[in-house]
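This report refers to the structure that appears directly beneath it.
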């Protein structure tokens with residue numbers, strides 16, 4: 002049996018294609034990939050902190066090879082476990098902080114901080130979180146992309162309620178409870194509008210010479226919309242809308 006693999010099947014000669022079976026390979030769904038890497042870690046004696054494997058699956062983009070390669074990098078750079086109640090001595094422990102640092106994602110605590118600041122219309126807290134993104138050397142565009150991912154999760158939580166765990170697989174229960182509180186504080190309308198603003202900011206950040214400026218403008222626009230939505234005076238609302246348009 003001969004197997005031909007190509008990413009451009011349309012370029013294969015018709016005489017060849019007519020004499021072969023064509024099996025298009027597709028990306029592995031996140032749920033199946035998450036279950037597989039969980040079983041793999043258990044088999045290989047690798048302990049992982051909560052939130053690590055969903056990050057690995059997301060970074061792998063549905064490719065088993067890329068997902069396993071990233072997981073292997075995390076395991077290779079991790080320390081042996083200390084033998085606590087949930088760990089076995091001699092096993093490897095992959096910590097959440099290391100996964101965030103290696104994969105380049107935003108730490109969940111920082112995302113919680115900026116989301117809580119937006120929900121409470123806390124301008125100081127929101128801008129402080131944005132400044133720490135830059136001061137710690139993170140990519141502002143990556144931060145905004147992760148923020149959009151978090152807002153998507155909050156919209157799902159708001160829409161599905163107790164059934165969110167069936168959609169957001171791999172998310173710990175305590176994090177789901179925290180997101181439920183955040184979704185309630187935001188409200189569905191504000192969540193949707195904020196997500197729209199974040200999407201627009203991502204588009205503007207493509208090729209931008211000053212990503213930090215774009216990030217700060219995004220924070221200002223989200224706070225502006227929150228102020229208008231909460232019934233600011235007509236004059237102040239006009240100034241806020243003018244600032245957002247700028």
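Residue numbers (the working numbering): 2 to 247. From the three backbone atoms N, C-alpha and C, an ideal C-beta is built for every residue, glycine too.
query, result
"For residue 95, the residue or residues it bridges with in DSSP", "49"
"Start-to-end residues for the alpha helix (DSSP H) that takes in residue 16", "15-18"
"Residue 72 - containing alpha helix (DSSP H), residue span", "65-77"
"Stretch pair the region 125-144 + the region 211-219: three plus CB contacts closer than 8 Å", "yes"
"Alpha carbon of residue 110 to alpha carbon of residue 14, nearest angstrom", "54 Å"
"CA nearest to the CA of residue 79, picked from 47, 65, 34", "47"
"Buried or exposed (CB count within 10 angstroms, at least 16 for buried), residue 168", "exposed"
"Neighbourhood of residue 101 by C-beta, 6 Å cutoff - its chain only, sequence neighbours within 5 removed", "108"
"Beta-bridge pairing of residue 1 - partner residues as DSSP gives them", "There is simply no residue 1 to check, as the chain begins at 2 and stops at 247 in what is shown."
"Backbone CA spacing between residue 176 and residue 53 [nearest angstrom]", "13 Å"
"Residue 147 beta carbon less than 9 Å from that of residue 97", "no"
"Beta-carbon proximity check, residue 29 vs residue 65, cutoff 9 Å", "yes"
"Environment of residue 183 [buried if 16+ CB atoms lie within 10 Å]", "buried"
"Contact the region 123-142 vs the region 203-214: 3+ CB pairs below 8 Å", "yes"
"Same chain, Cβ closer than 7 Å to residue 59, five either side skipped, listed in chain order", "none"
"Reduced DSSP secondary structure (H/G/I, E/B, other) of residue 84", "Since pLDDT at residue 84 reaches only 48, below the 50 mark, its modelled position is unreliable, and no value is offered."
"Burial state of residue 115, where buried means 16 or more other Cβ atoms lie within 10 Å", "buried"
"Simplified DSSP state of residue 190, which is helix, strand or coil", "helix"
"Top-ranked residue by Cα proximity to residue 33, from 189, 171, 225", "171"
"Nearest to residue 119 (by Cα), restricted to the options 18, 166, 205, 192", "192"
"Pairwise C-alpha distance: residue 181 and residue 162", "8 Å"
"Outcome for residue 18 when other beta-carbon atoms lying within 10 angstroms are tallied against a minimum of 16", "exposed"
"Reduced DSSP category for residue 159 - H, G, I as helix; E, B as strand; rest coil", "helix"
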